[in-house]
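**Q** Supplied in structure tokens, the structure appears directly below.
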Amino acid sequence: MLDGWTDSNGVARQGLRQKFQRYNLPGKRVRITYIGQPGADALSWQELEYIRNSGEQIVQYFQTKWGWRVRPTFYYNILLYTDMNEFRKDTGAPKGALGMALVSPRMRDHGELVFYADRRNPNAWEELEATILHEMFHCLSNHCYGDFPISMEEGVAEWISLRLAANGRGLLDKRNRQAQVMAKFHLNGSNGDFIKTYMNCNSYEAWEKEFKDRMVGYTLAEQLVDYFMADAKRTAFLVQTLHGAAGDANTTAKFARLMDANYPGGLMKLEKDWYAWMKVKFNKPAAVPVVAARPRGNAGALIIDPVTGLPVRRAPPPRVDPSTGLPVKR
Ligand SMILES: [Zn+2]
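The sequence shown maps to residues 855 to 1184 in the numbering used here.
Laid out in structure tokens, this is it:
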């Protein structure tokens, strides 16, 4: 079933095989299959609930804010490896990668994701949570949009995952510091050259060739997305331009052309505005994430008491007197 699949970099990822039975989390959008030693290294129920909630949050975000149509039957199928060697052997994941989304134009009905999680590593969850959110975006963009412009694919995935992740504040601070260094190096005196080259790079290898570092396409693109997202009019413009490129044989080139033609002053001015905006931002304390910082409460969500390990019953919401707006004593 996975034969001929590629990851979001377009690299063939064959030879994946499902070895263990899956179970479904409550709710329909997330299915998890453990590969390795089932049980011992399993994620906790809170973590599984978190994955389910964030899968739903990403869907809702792009449905309500970007107008994406997500089929009610869309789901994420997650293969969770507990053995690093097995994970790398099966998936061909590069060293250091914790997970990836497998995307294919032929299979856009659901998202297929593979991750490595080792519970013996005390930071396993922290490292995994933002990665899962990031990869979920690739699945959703494949489902709703198809071939997403490469210039924006990682930028949007990073932008949304850093803001939805429960530890997003810490991750954002770290990422902003990296971006500050990169921006100084690539954008000082660039005069529009950086953004023109960047927007027209058609592969991750091209980022490496042009900028000597693939991370530029993640870190600086996330800043570019944040520049657009920081203002409602600019957000609408970004979404409109992205949607204008959808369906083209080369969405990356089309997006670059549309940006150059429609951004007031073209790409050169965009780079100037963006860099000036970044400089101001880096001199201020990190902004409060604009998306919910923790999983949204869900009536069906299971909350576990960390001491007893038993489900916790939620307190009912206070009754409010409609005339005074104050809580009513029971
Ligand atoms: Zn990615």
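Think of the CB as a built atom: it goes at the ideal place given N, C-alpha and C, for glycine as much as any other residue.
With 16 other CB atoms within 10 Å as the buried threshold, where does Asn1137 fall?
**A** Taking the first residue of the sequence shown as position 1, residue 1137 is located at position 283. Exposed, because fewer than 16 other Cβ atoms sit within 10 Å of the Cβ of Asn1137.
**Q** Report yes if the C-beta of Glu1076 is less than 8 Å from at least one heavy atom of ligand 1; otherwise report no.
**A** Residue mapping note: residue 1076 aligns to position 222 of the sequence shown, counting from 1. Every heavy atom of ligand 1 is 8 Å or more from the Cβ of Glu1076, so no.
**Q** Candidates Ser995, Asp1067, Ala984: which alpha carbon is nearest Gly1024's?
**A** Position 170 of the sequence shown holds residue 1024. Ranked by Cα distance from Gly1024, the first of Ser995, Asp1067, Ala984 is Ala984.
**Q** Could you name each continuous alpha helix (DSSP H) segment of 4 residues or more that falls completely within the segment 1050-1083, going from the start of the chain to the end?
**A** 1058-1065, 1070-1083
**Q** Can Ala1110 be considered in contact with ligand 1, in the sense that its beta carbon sits closer than 8 Å to one or more heavy atoms?
**A** Taking the first residue of the sequence shown as position 1, residue 1110 is located at position 256. No, Cβ of Ala1110 sits at least 8 Å from all heavy atoms of ligand 1.
**Q** Does the beta carbon of Ala1019 fall short of 8 Å from some heavy atom of ligand 2?
**A** Ligands displayed in this structure: ligand 1; ligand 2 is not among them.
**Q** Bridge partners of Ile932, per DSSP?
**A** Position 78 of the sequence shown, counted from the start, is the residue given in the question as residue 932. Ile932 is bridged to Ile886, Leu967.
**Q** Among Gly1022, Ala1033, Glu989, Ala1099, which has the Cα closest to the Cα of Leu956?
**A** Counting from one through the sequence shown, the residue named residue 956 turns up at place 102. Comparing Cα-Cα distances from Leu956 to each of Gly1022, Ala1033, Glu989, Ala1099, the minimum goes to Glu989.
**Q** Check whether the Cβ atoms of Ala1110 and Ser1005 lie closer than 9 Å to each other.
**A** Working through the sequence shown from its first residue, we reach residue 1110 at position 256. Working through the sequence shown from its first residue, we reach residue 1005 at position 151. In this structure, Ser1005 lies closer than 9 Å to Ala1110 by Cβ.
**Q** Give the secondary structure of Asn878 by DSSP, where H, G and I count as helix, E and B as strand, and everything else as coil.
**A** Here residue 878 refers to the residue found at position 24 of the sequence shown. Only weak support is given to the placement of Asn878: the predicted model assigns it a pLDDT of 48, under 50, and the value that follows is read from those uncertain coordinates. Strand, per DSSP.
**Q** Hey, which unbroken runs of the alpha helix (DSSP H) at 4 residues or more fall wholly within the segment 1097-1121?
**A** 1105-1116
**Q** Measuring from the CB of Ala955, is there a heavy atom of ligand 1 at a distance below 8 Å?
**A** On the sequence shown, residue 955 is found 101 positions in, with the first residue counted as 1. Under cutoff, so the answer is yes.
**Q** Can you find the residues in the same chain that come closer than 7 Å, C-beta to C-beta, to Glu1008, ignoring five residues on each side of it along the sequence?
**A** Residue 1008 sits at position 154 when you count from the first residue of the sequence shown. Result list for Glu1008: Gly1071, Tyr1072, Ala1075, in chain order.
**Q** Look at the alpha carbon of Ala1060 and the alpha carbon of Leu967, and state the distance between them as a whole number of angstroms.
**A** Counted from its first residue, the sequence shown places residue 1060 at position 206. Counted from its first residue, the sequence shown places residue 967 at position 113. Each residue's alpha carbon lies about 25 Å from the other.
**Q** For Pro926, which residues of its own chain have a beta-carbon under 8 Å away from its beta-carbon, when the five flanking residues on both sides are left out?
**A** Taking the first residue of the sequence shown as 1, we reach residue 926 at position 72. Cβ neighbours of Pro926 beyond the five flanking positions: none.
**Q** Could you spell out the range, first to last residue, of the beta strand (DSSP E) harbouring Val957?
**A** The residue labelled residue 957 in the question sits at position 103 within the sequence shown. Here the beta strand (DSSP E) through Val957 covers 953-957.
**Q** With hydrogens ignored, establish whether the beta-carbon of Glu981 is closer than 8 Å to any heavy atom of ligand 1.
**A** Your numbering for residue 981 matches position 127 in the sequence shown. Checking the Cβ of Glu981 against ligand 1 gives no.
**Q** What separation, rounded to the nearest whole angstrom, lies between the Cα atoms of Lys1050 and Phe1039?
**A** Residue mapping note: residue 1050 aligns to position 196 of the sequence shown, counting from 1. Residue mapping note: residue 1039 aligns to position 185 of the sequence shown, counting from 1. In this structure, the straight-line span from the alpha carbon of Lys1050 to that of Phe1039 is close to 16 Å.
**Q** For Phe916 and Ala1084, I'd like the C-alpha separation in whole angstroms.
**A** Counting from 1 along the sequence shown, the entry for residue 916 is found at position 62. Counting from 1 along the sequence shown, the entry for residue 1084 is found at position 230. C-alpha separation (whole angstroms): 16 Å.
**Q** At a cut-off of 8 Å, would you count Glu1059 as near ligand 1, judging by its Cβ distance to the nearest heavy atom?
**A** As a working note, residue 1059 is residue 205 in the sequence shown. Checking every heavy atom of ligand 1 against the Cβ of Glu1059, none is found closer than 8 Å.
**Q** Would Thr918 and Asp1001 qualify as a contact pair, given that the criterion is a beta-carbon distance under 9 Å?
**A** Start at 1 with the first residue of the sequence shown, and residue 918 comes out as number 64. Start at 1 with the first residue of the sequence shown, and residue 1001 comes out as number 147. Not closer than 9 Å, so no.
**Q** I need the DSSP call for Leu1041, collapsed to helix, strand or coil.
**A** If you number the sequence shown from 1, residue 1041 lands on position 187. In the structure shown, Leu1041 sits in a helix (DSSP, three-state: H, G or I).
**Q** Is DSSP giving Thr1089 helix, strand or coil here?
**A** Residue 1089 sits at position 235 when you count from the first residue of the sequence shown. It is helical.
**Q** How big is the Cα-Cα spacing for Ala1099 and Arg974?
**A** As a first step, residue 1099 must be located in the sequence shown, where it is residue number 245. As a first step, residue 974 must be located in the sequence shown, where it is residue number 120. Their Cα atoms are separated by approximately 45 Å.
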